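Scroll down for the structure; my scribbles are underneath it.
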Amino acid sequence: LPISDEDDSDEFTKQDFEFAERYLKTHYNLLSNPAGLLRKSAGTFASKLREMQAFFGLDVTGKLDEDTYELMQQPRCGVPDVGE
Amino acid sequence: YNFFPRKLKWPQNNLTYRIVNYTPDLKKSEVDRAFRKAFKVWSDVTPLNFTRIRSGTADIMISFGRREHGDFYPFDGPSGLLAHAFPPGPNSGGDAHFDEDELWSTDSNGYNLFLVAAHEFGHSLGLEHSRDPGALMYPVYTYTGNTGFLLPDDDVQGIQVLYGKGDHDPHPDDHPKTPEKCSPNLTLDAITELRGEMMIFKDRFFWRLHPQMVDADLVQIKSFWPEIPSKIDAAYENSENDHVLLFRGRKFWALNGYDIVEGYPKKIYELGLPRSVKAIDAAVHISETGKTLFFVGEKYWSYDENSQVMEKDYPRFIEDDFPGIGHRVDAAYQKNGYIYFFNGALQFEFSIWSERIIRVLNTNSIFWC
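Which chain is which? The protein sequence lines are V and F, in order.
With our numbering applied, the first sequence covers 26 to 109.
With our numbering applied, the second sequence covers 15 to 383.
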């Protein structure tokens with residue numbers, strides 16, 4: 026529900042990103058990346074995030090935003106959302 | 015609805031299941047019943063039959079476990095991952111696992127075991143997750159009530175692609191469809207503002223529409239307020255006390271955010287409506303005057319929120335005071351000096367000041383369709 030006149034910060038911590046990464050690994054088959062390929066993994070993270078945002082009808086940005094992060098925190102089934 | 019790759023399904027219609035262990039959160043009989051009801055959800059709409067065995071290996075082995083529980087797909091402690099199941103196949107195929115770190119319940123506390131099990135058994139039979147937020151196979155947990163569960167139409171269509179129809183569906187015409195906000199025939203049950211957002215009610219859902227957003231979030235009423243009925247007649251916001259009031263039949267609830275205000279539900283005749291009124295069609299609060307209008311059939315009443323009494327000389331005919339909007343109202347809200355009356359697939363923008371209709375719009379134009 027809209028929170029009445031409280032401001033809410035919208036930056037994400039390292040832990041938030043790690044949580045989001047775990048979520049995408051579990052449900053969107055984001056593969057663990059060997060160290061050192063950060064740039065490539067960033068692309069994979071963004072493309073998997075876009076897959077998740079498309080599945081749930083969110084704005085497909087490939088960037089972690091508030092709606093996406095909020096949805097990731099909702100209790101759910103552990104089966105992946107994309108068939109592998 | 016979606017299927018697993020290669021549309022995995024069971025080659026036979028007669029399937030066995032075994033409850034390998036139990037959760038301490040519930041009595042064994044409650045667990046047995048939850049699983050039995052969950053299988054019935056699927057056997058009612060297909061030719062599938064489920065038989066429980068108490069030893070040996072069943073097609074669908076059901077167990078509770080926490081963290082790493084033997085299948086390399088660890089659970090994660092309270093909330094988060096609730097359960098998972100494997101698609102049809104030998105060995106672990108079809109098996110369903112429930113996270114023991116959750117609080118399992120037979121109601122809206124914690125997580126309702128029947129609802130989660132019905133979802134997981136959908137996987138055990140070959141359904142993947144659905145994108146339809148009203149479907150049982152939607153991945154995010156939504157409490158949809160404790161009695162009278164009806165398998166949503168999306169799930170029925172999916173499972174019948176795999177196994178065909180049964181011949182004993184007790185509710186063949188009642189499988190709820192998720193409303194389409196841009197349907198040209200969209201009609202509404204109720205509508206209200208809430209702290210600047212719009213809440214647009216239809217069947218067991220409401221859309222949340224933020225003024226700056228085009229996309230509306232579709233949410234199930236029960237997932238916000240488990241005690242509220244899964245369909246409402248009317249709603250309005252009294253912004254003076256930050257309450258939203260929801261009406262169903264002769265009862266109404268006052269909500270403050272997620273919480274139901276103490277002392278509710280109350281009866282609509284406590285507002286001064288005659289006892290002959292069984293339900294109201296629509297309600298709208300006019301902040302400029304402090305009055306709330308209640309629409310019932312062809313008439314309407316005016317309630318003074320300050321003095322908390324129904325005004326004299328009411329009811330009046332809708333047509334007399336709001337000419338042109340028709341003889342009944344499905345839903346109504348007011349904004350910037352206009353009242354928007356919804357009647358079927360049309361909405362009428364009525365100017366409070368000039369007391370006449372300014373525009374006639376499609377109901378679905380509220381979603382920018």
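Glycine included, every Cβ here is placed at the ideal spot set by N, Cα and C.
Just so you know, these numbers come straight off a predicted model, no measurement behind them.
Backbone CA spacing between residue i and residue j [nearest angstrom]
| i | j | result |
| --- | --- | --- |
| F/V228 | F/W382 | 7 Å |
| F/Y278 | F/R264 | 12 Å |
| F/D344 | F/F308 | 11 Å |
| F/M212 | V/H52 | 32 Å |
| F/A260 | F/Y177 | Checking the displayed sequence, the identity of residue 260 of chain F turns out to be Leu instead of Ala. Each residue's Cα considered, the two are about 41 Å apart. |
| V/L56 | V/Y48 | 11 Å |
| V/D92 | V/D84 | 9 Å |
| V/A71 | F/F355 | 44 Å |
| F/N378 | F/L127 | 37 Å |
| F/L285 | F/A359 | 30 Å |
| V/F80 | V/V107 | 9 Å |
| V/Y94 | V/A45 | 7 Å |
| V/Q98 | F/G94 | 7 Å |
| F/A248 | F/V310 | 10 Å |
| F/M151 | F/H143 | 5 Å |
| F/Y31 | F/F18 | 21 Å |
| F/E333 | F/Y317 | 19 Å |
| F/F185 | F/L139 | Correcting the residue identity first, residue 185 of chain F is His in this sequence and not Phe. When rounded, the distance between both Cα atoms is 21 Å. |
| V/R75 | V/L96 | 14 Å |
| F/D183 | F/D58 | 5 Å |
| F/V45 | F/W118 | 9 Å |
| F/R145 | V/C102 | 13 Å |
| V/D32 | V/F42 | Caution applies to V/D32, whose pLDDT of 42 falls short of 50 and renders its modelled position unreliable; the value that the coordinates give is listed next. Near 22 Å, if we compare the C-alpha coordinates of V/F42 and V/D32. |
Outcome for residue i when other beta-carbon atoms lying within 10 angstroms are tallied against a minimum of 16
| i | result |
| --- | --- |
| F/P166 | buried |
| F/F364 | buried |
| F/K349 | exposed |
| F/C196 | exposed |
| F/E116 | buried |
| F/A97 | buried |
| V/V104 | buried |
| F/L375 | exposed |
| V/K88 | exposed |
| F/H341 | exposed |
| F/D109 | buried |
| F/K216 | buried |
| F/I372 | exposed |
| F/H299 | buried |
| F/P320 | Note that residue 320 of chain F is Asn in the sequence shown here, rather than Pro. It is exposed - the Cβ of F/N320 has fewer than 16 other Cβ atoms within 10 Å. |
| F/P92 | exposed |
| F/Q3 | In the structure as shown, chain F starts at 15 and stops at 383, and residue 3 of chain F therefore has no counterpart that could be examined. |
| F/K292 | exposed |
| F/G162 | exposed |
| F/R289 | exposed |
| F/G180 | buried |
| F/W56 | buried |
| F/D256 | exposed |
Residues that residue i contacts on chain V, provided the C-beta gap is smaller than 9 Å
| i | result |
| --- | --- |
| F/V154 | F81, L96, Q99, P100, R101 and C102 |
Closer than 7 Å at the beta carbon, the chain F residues around residue i
| i | result |
| --- | --- |
| V/D106 | H143 and P153 |
Neighbour list for residue i in chain V, Cβ cutoff strictly below 7 Å
| i | result |
| --- | --- |
| F/H133 | C102 |
Neighbour list for residue i in chain V, Cβ cutoff strictly below 8 Å
| i | result |
| --- | --- |
| F/H137 | C102 and V104 |
| F/Y347 | None at all; the shortest Cβ gap to chain V is about 16 Å. |
| F/Y125 | P100 |
is_contact[residue i, chain B] using C-beta, thresh 7 Å
| i | result |
| --- | --- |
| F/F336 | Here the protein chains are V and F, and chain B is not one of them. |
Check: Mind listing which residues of the segment 81-106 of chain F have their C-beta closer than 8 Å to chain V's C-betas, in chain order?
Finding: Y87, F89, S93, G94, L95, L96, A97, H98 and A99
Next item on the list: May I ask you to verify whether the segment 262-276 of chain F touches the segment 219-226 of chain F, counting CB pairs closer than 8 Å and requiring at least 3?
Entry: no
Margin query: At a CB distance below 8 Å, what residues from the segment 67-89 of chain V approach chain F? Give them in sequence order.
Written below: F80, F81, G82 and D84
Margin query: Under 8 Å, with one C-beta from each stretch per pair, do the segment 18-25 of chain F and the segment 102-113 of chain F reach the 3-pair mark?
Written below: yes
Check: Quick check: the segment 33-52 of chain F against the segment 60-76 of chain F, are there 3 or more CB pairs under 8 Å?
Finding: yes
Note to self: Closer than 8 Å is the cut-off here; do at least three beta carbon pairs connect the segment 199-214 of chain F with the segment 346-360 of chain F?
What the structure shows: yes
Checklist line | Touch test, the segment 129-136 of chain F against the segment 146-161 of chain F, Cβ-Cβ under 8 Å, three pairs minimum | finding: yes
Item checked: Touch test, the segment 49-69 of chain F against the segment 82-94 of chain F, Cβ-Cβ under 8 Å, three pairs minimum -> no
Notebook entry, point to check: Do the segment 278-287 of chain F and the segment 230-238 of chain F meet, that is, are 3 or more Cβ pairs less than 8 Å apart?
Noted result: no
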